[in-house]
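Numbering (the working numbering), first residue to last: 34 to 238. A virtual CB, placed ideally from N, CA and C, is assigned to each residue, including glycine. Notes to accompany the following structure.
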Amino acid sequence: MKKIVTLLSAALVLLASAPAFAQASVGAGYFNSIDVVKSGSTTNSDPLSGFYAGVGFTVPVASGINFTPGVYYGYAAKSNATDLIITKLSGKREDHFINVPLHFSYGLDLSPDFRFFAYAGPSVSLGVASKVTSSVGTSSGSYDRYQENSDLNRFDILVGGGVGVEIMNMFRLNIGYDMGMLNRYNNTNTAYRRNQLTAGVAFLF
Numbered sequence: 034m035k036k037i038v039t040l041l042s043a044a045l046v047l048l049a050s051a052p053a054f055a056q057a058s059v060g061a062g063y064f065n066s067i068d069v070v071k072s073g074s075t076t077n078s079d080p081l082s083g084f085y086a087g088v089g090f091t092v093p094v095a096s097g098i099n100f101t102p103g104v105y106y107g108y109a110a111k112s113n114a115t116d117l118i119i120t121k122l123s124g125k126r127e128d129h130f131i132n133v134p135l136h137f138s139y140g141l142d143l144s145p146d147f148r149f150f151a152y153a154g155p156s157v158s159l160g161v162a163s164k165v166t167s168s169v170g171t172s173s174g175s176y177d178r179y180q181e182n183s184d185l186n187r188f189d190i191l192v193g194g195g196v197g198v199e200i201m202n203m204f205r206l207n208i209g210y211d212m213g214m215l216n217r218y219n220n221t222n223t224a225y226r227r228n229q230l231t232a233g234v235a236f237l238f
């Protein structure tokens, strides 16, 4: 909880300290969170799909170069079910994140109304909640993956980038990919990292 409060406080400070000349944006889109687990010589990936939404700023740094921080909420989930003939086994996992990208971008004006850009940099990510619900027949239960004494870490640092276009200085379309740098699992025999894919649209103000 302390980490959640700390990151949210830092995000609010980031938003409040944005320069008056910064261009604000509100964006949302597709969010794909990918768990990559390596144990020994075996590596498995498990994708969860959902959406993201949040706000960002574009702060000019030099000719064509901008600093583009933001604060975004991400939700991703995965469901599965197995028919056991005499009963049914089903489960669902839901993850919630707060992501704070600290990217730099470089853009080229291809016409007065069309701008291409590429961006890269780190992102700070915090797992707010991760809940697994399962049921067998009429019996069901759930547990919190971040519960007390859990080996799963909430905090993560991701590094990545992407590309996009701005249209008429009103809309922005972008796609990006980030790779988790930290092992989120406190087990020396297992490496658990999280990558993410985003694709969405933003409205510029």
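- Rounded to whole angstroms, residue 235 and residue 172 show a C-alpha spacing of 43 Å.
- Annotation for residue 132: 105, 107, 156 and 158 place their beta carbon closer than 7 Å to its own, counting only its chain and skipping 5 residues before and after.
- Here residue 109 is buried. Its C-beta has 16 or more other C-beta atoms within 10 Å.
- Rounded to the nearest angstrom, the gap between the Cα atoms of residue 206 and residue 99 is 17 Å.
- The Cβ atoms of residue 174 and residue 195 do not sit closer than 7 Å to each other.
- Within the same chain, Cβ atoms closer than 7 Å to the Cβ of residue 217 are found at 185, 186, 189, 225, 226 and 227, the five residues on either side in sequence being excluded.
- The beta carbon of residue 57 sits closer than 7 Å to those of 88, 90 and 238, all from its chain and outside the five residues before and after it, given in chain order.
- For residue 238, no beta strand (DSSP E) run applies, since DSSP gives it neither H nor E.
- The three-state reading of DSSP puts residue 145 in coil, since its state is none of H, G, I, E or B.
- Look at the segment 107-135 and you find no whole run of alpha helix (DSSP H) that is 4 residues long or longer.
- The beta carbon of residue 178 sits closer than 6 Å to those of 163 and 185, all from its chain and outside the five residues before and after it, given in chain order.
- Contact annotation: residue 103 and residue 140 have beta-carbon atoms that are not nearer than 7 Å.
- About 5 Å separates the beta carbon of residue 135 from that of residue 154, a gap short enough to meet the 8 Å contact definition.
- Taken atom to atom, the span from the alpha-carbon of residue 145 to that of residue 201 is near 7 Å.
- In this structure, the straight-line span from the alpha carbon of residue 76 to that of residue 138 is close to 33 Å.
- Residue 82 is positioned such that its CB atom lies no closer than 7 Å to that of residue 69.
- Per the coordinates, the alpha-carbon of residue 64 lies some 29 Å from the alpha-carbon of residue 116.
- The Cβ atoms of residue 55 and residue 233 lie no closer than 7 Å to each other.
- The straight-line gap separating the alpha-carbon atoms of residue 165 and residue 150 is approximately 39 Å.
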